[in-house]
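Trainee: Dropping the structure in here first, questions after.
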Amino acid sequence: MPLVAEAQERIRALADRYEHRQSALLPALFVAQEAAGYLPSETLAEVARLLELPLSEVTSVASFYRLYFLEPVGRHLILLCTNLACALNGSEAIGRHLEERLGIGFGQTTPDGAFTLRASECLAACALAPMMMVDRERFGPLTPAGVDDVLERHRGR
Ligand code: FES
């Protein structure tokens, strides 16, 4: 399905804002993802067309970064940091708790479509270790009870 006109307009505006069209690619992909929910191949092709960039370049950038989704995700994306500071502070146990509470493994989405659970490299909030990001919000230092609270607050949204 083509991007809505408003998203197309925002991407064109991004293309005009930067001297090099490549500079507009990351924000343009976020605009497209926000509009389409994820980045299927036809959306990547549309971004490439709007920015006048090769599709191969758009696809390689979108597939490199973990915050771009090439497949559908739940309404809320949980990224649990498993990098060093978080690992040393108990992210493995938090991961097991998340799997148990959600009834899914990493890389999966709950059957109701509410949550997708993924592991992540450092999310640049090591002072919050162990931490996770839900959508664009950071939570930590996490405890099992804190995880339950965050899940509860997001479940109905
Ligand atoms: S190691 Fe987890 S946020 Fe940096």
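Under the working numbering, the residue at position 154 of the sequence shown is numbered 162, and the numbers go up by one with no gaps.
Using N, Cα and C, we set each Cβ at its ideal position, and we do this for glycine too.
The structure presented is a predicted model; accordingly, all values stated were derived computationally and were not measured.
Consider the C-beta atom of residue 22 and the heavy atoms of the ligand FES; say whether any pair is separated by less than 6 Å.
Mentor: For the purposes of this step, residue 22 is identified with residue 14 of the sequence shown, where counting begins at 1. For the ligand FES, not one heavy atom lies less than 6 Å from the Cβ of residue 22.
Trainee: Using a Cβ distance threshold of 8 Å, determine whether the segment 65-76 contacts the segment 112-121, with at least three qualifying pairs required.
Mentor: no
Trainee: Please identify the residue among 38, 29, 18 whose C-alpha is closest to the C-alpha of residue 144.
Mentor: Locating residue 144 in the sequence shown gives position 136, counting from the first residue. Considering only alpha carbons, the answer is 38.
Trainee: Any idea what DSSP makes of residue 118, helix, strand or coil?
Mentor: Along the sequence shown, read from residue 1 onward, the residue named residue 118 stands at position 110. Three-state result, residue 118: coil.
Trainee: What first and last residue would you give for the alpha helix (DSSP H) that runs through residue 66?
Mentor: To locate residue 66, count along the sequence shown from 1; it is residue 58. Run containing residue 66: 63-72, per the alpha helix (DSSP H) assignment.
Trainee: Leaving aside the five residues before and after residue 19 along the sequence, list all residues of the same chain whose C-beta is less than 8 Å from its C-beta, in chain order.
Mentor: Taking the first residue of the sequence shown as 1, we reach residue 19 at position 11. 11, 32, 36, 39, 40, 55, 58, 59, listed in sequence order.
Trainee: Using only CA atoms, which one of 89, 43, 9 lies nearest to residue 139?
Mentor: For the purposes of this step, residue 139 is taken as the residue at position 131 of the sequence shown. Selection 89, 43, 9 evaluated against residue 139 yields 89 as nearest (Cα-Cα).
Trainee: If you measure from the CB of residue 8, is any heavy atom of the ligand FES nearer than 6 Å?
Mentor: Since the displayed the chain opens at 9 and closes at 165, residue 8 lies outside it and no answer follows.
Trainee: How close, in whole Å, do the beta carbons of residue 83 and residue 122 come, if the pair is a contact with beta carbons under 8 Å?
Mentor: In the sequence shown, the residue the question calls residue 83 occupies position 75. In the sequence shown, the residue the question calls residue 122 occupies position 114. Confirmed, about 6 Å.
Trainee: State the Cα-Cα distance for the pair residue 103 and residue 24, rounded to the nearest angstrom.
Mentor: Along the sequence shown, read from residue 1 onward, the residue named residue 103 stands at position 95. Along the sequence shown, read from residue 1 onward, the residue named residue 24 stands at position 16. Cα to Cα, residue 103 sits roughly 43 Å from residue 24.
Trainee: Please give the ranges of any alpha helix (DSSP H) in the segment 12-48, keeping only runs that are unbroken, at least 4 residues long and fully inside the region.
Mentor: As far as the segment 12-48 is concerned, its whole alpha helix (DSSP H) runs of at least 4 residues are 13-25, 33-44.
Trainee: Return the CA-CA distance between residue 100 and residue 9, expressed in angstroms with no decimal places.
Mentor: As a working note, residue 100 is residue 92 in the sequence shown. As a working note, residue 9 is residue 1 in the sequence shown. If I take the Cα positions, the gap works out to 39 Å.
Trainee: I need the DSSP call for residue 126, collapsed to helix, strand or coil.
Mentor: Here residue 126 refers to the residue found at position 118 when the sequence shown is read from its first residue. Three-state DSSP puts residue 126 in a strand.
Trainee: Quick one: Cα of residue 66 to Cα of residue 85, how far?
Mentor: Your numbering for residue 66 matches position 58 in the sequence shown. Your numbering for residue 85 matches position 77 in the sequence shown. Distance between the alpha carbons of residue 66 and residue 85 is about 22 Å.
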